[in-house]
Amino acid sequence: MGKGISYGLAAGALWGLVFLAPRLLPGFSPLELSAARYVLYGLVSAVFLAPLWPRLRHTVTSNDWRALFRLSLVGNLVYYLFVAASVQMAGIAPASLIVGVLPVTVTLIGSRDHGALPLSKLAGPLALVVAGIVCINVDVFTHAAASGGDWRLTLAGVVCAVGALASWTWYAVANARYLAKFGHFTSQEWSLLTGVATGVLACALAIAALLLPHPGTADVPRDWQMFLIVNIAVAIGASTIGNAFWNAASRTLPLTLSGQLIVFETLFALVYGFIYEHRLPRLLEIAAVTLLLAGVSASVRLHSRGSTH
């Protein structure tokens, strides 16, 4: 179980980068960011998949490809469109911490899966996680009101974050269940196949990004060199390596525990955001981080006890 938790922690550290990328590239639309990230992810995955393909081509079924395209569309393209829009409209903290409800939503949906603990035993850890989410949302809207920000823009960002939450909840559960039912791929192979499927879909997104007018303003620079650097880093770090770590975690942990570990993505995103904004966390943000960590730690202890009986 310790190895699986380490995999989940590593995935969270890498996935946290995706919340920073839209802040680093304010001159580019969510459509452009999502298309660039996943076209590059597809290219990188295809390169790494090439030497494995002579063997895998006899293993991948049409059912696998259908699952890969469904998972890629919802869990990658749609999810990141929502995330990028939310970060640019509401900021890193609200976006990452609304998506941070994932430990609750994934646990609720996965509570009937094999190896899962009853929800009654998880009530305490889940309550801590929910309390942390409440703290950060109170802080976000209080701070927005005090700074004179446009509440409508913040609200739109919150709505996009909820869309990201829904997309990734479905993906996390569906991906874990598919791997558990059809375990004929390694974590690396599944991640690379997912990357190729995502890259194919992202090509259509890229065409749309080229044809549609750019909605940005003239005073926001469009630094194409930074655009390429950031998207390469996210494609390789978050998508290729991060997804491989997550698939490894999904294979070794029950769904209720892997769902709890998604909170590390939120915590790392917050740290990256604080560093980018050159500030320390506010009191309610500290409370949120403390409660989220406490909830995850409690869940780990409960699963460890359950595995010994």
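Numbering-wise (full-length UniProt numbering), the sequence shown opens with residue 1 and increments by one.
Note that the Cβ used here is the ideal one computed from N, Cα and C, for glycine as well.
Ignore the nearest five residues each way along the sequence and tell me which others in residue i's own chain have a CB closer than 7 Å to its CB.
i, result
"Thr-308", "With a pLDDT of only 47 at Thr-308, under the threshold of 50, the placement of this residue in the model should not be trusted; the figure read from the coordinates follows. Result list for Thr-308: empty, nothing under 7 Å."
"Leu-73", "Leu-201"
"Val-234", "Leu-17, Val-18, Ala-21 and Arg-37"
"Val-87", "Phe-19, Pro-22, Arg-23 and Ala-95"
Determine the burial state of residue i: buried for a count of at least 16 other Cβ atoms within 10 Å of its Cβ, exposed for fewer.
i, result
"Tyr-80", "buried"
"Pro-221", "exposed"
"Ala-123", "exposed"
"residue 319", "Because the chain in this structure spans residues 1 to 309, residue 319 falls outside the shown range and cannot be described."
"Ile-98", "buried"
"Ser-191", "buried"
"Trp-224", "exposed"
"Trp-168", "buried"
"Val-138", "exposed"
"Cys-135", "buried"
"Cys-160", "buried"
"Arg-120", "The question names Arg, yet the displayed sequence has Ser at residue 120. Answer is exposed; the Cβ neighbour count stays below 16."
"Val-39", "buried"
"Val-263", "buried"
"Pro-213", "exposed"
"Ile-275", "exposed"
"Gly-2", "exposed"
"Cys-148", "The question names Cys, but residue 148 is Gly in the sequence shown. Its Cβ having fewer than 16 others within 10 Å, Gly-148 is exposed."
What's the C-alpha gap between residue i and residue j?
i, j, result
"Asp-150", "Ala-144", "8 Å"
"Pro-281", "Trp-53", "47 Å"
"Ser-250", "Leu-210", "36 Å"
"Phe-141", "Asn-63", "45 Å"
"Val-129", "Met-226", "35 Å"
"His-58", "His-184", "12 Å"
"Ile-229", "Leu-17", "13 Å"
"Leu-108", "Ser-297", "18 Å"
"Gly-4", "Pro-94", "28 Å"
"Ala-206", "Phe-19", "20 Å"
"Leu-179", "Thr-61", "14 Å"
"Ser-45", "Ile-236", "9 Å"
"Gly-273", "Pro-51", "38 Å"
"residue 340", "Ser-34", "Nothing in the structure corresponds to residue 340, since the chain is present only between 1 and 309."
"Ala-84", "Pro-30", "5 Å"
"Ala-11", "Ala-287", "24 Å"
"Gly-91", "Ala-146", "15 Å"
"Gly-242", "Glu-189", "13 Å"
"Leu-294", "Pro-103", "Here residue 294 turns out to be Ala, not Leu, going by the sequence shown. One C-alpha to the other measures close to 13 Å."
In chain order, what residues of the same chain lie with their CB nearer than 6 Å to the CB of residue i, ignoring the 5 residues before and after it?
i, result
"Phe-69", "Ala-197"
"Asn-175", "Leu-71"
By the three-class DSSP mapping on this structure, what secondary structure does residue i have?
i, result
"Arg-282", "coil"
"Met-1", "coil"
"Leu-73", "helix"
"Thr-186", "coil"
"Leu-293", "helix"
"Pro-30", "helix"
"Ser-147", "coil"
"Thr-308", "Confidence at Thr-308 is low in this model, with a pLDDT of 47, below 50, so its placement is unreliable and the value that follows should be read with caution. Of the three classes helix, strand and coil, the one that applies to Thr-308 here is coil, per DSSP."
"Pro-125", "helix"
"Leu-25", "coil"
"Val-138", "helix"
"Gly-16", "coil"
"Gly-100", "coil"
"Ile-207", "helix"
"Leu-109", "First, the residue type needs correcting, since residue 109 is Ile and not Leu in the sequence shown. Looking at Ile-109 - three-state DSSP - the assignment turns out to be helix."
Between residue i and chain D, is any beta-carbon pair separated by less than 8 Å?
i, result
"Leu-77", "Among the chains of the structure shown, chain D does not appear; only one protein chain is present."
Which parts of the stretch 46-93 are runs of the alpha helix (DSSP H), unbroken and 4 residues or longer, counting only runs that do not cross its ends?
-> 53-56, 62-72 and 79-90
Start-end ranges of the alpha helix (DSSP H) lying completely within the stretch 210-248, minimum 4 residues = 224-233
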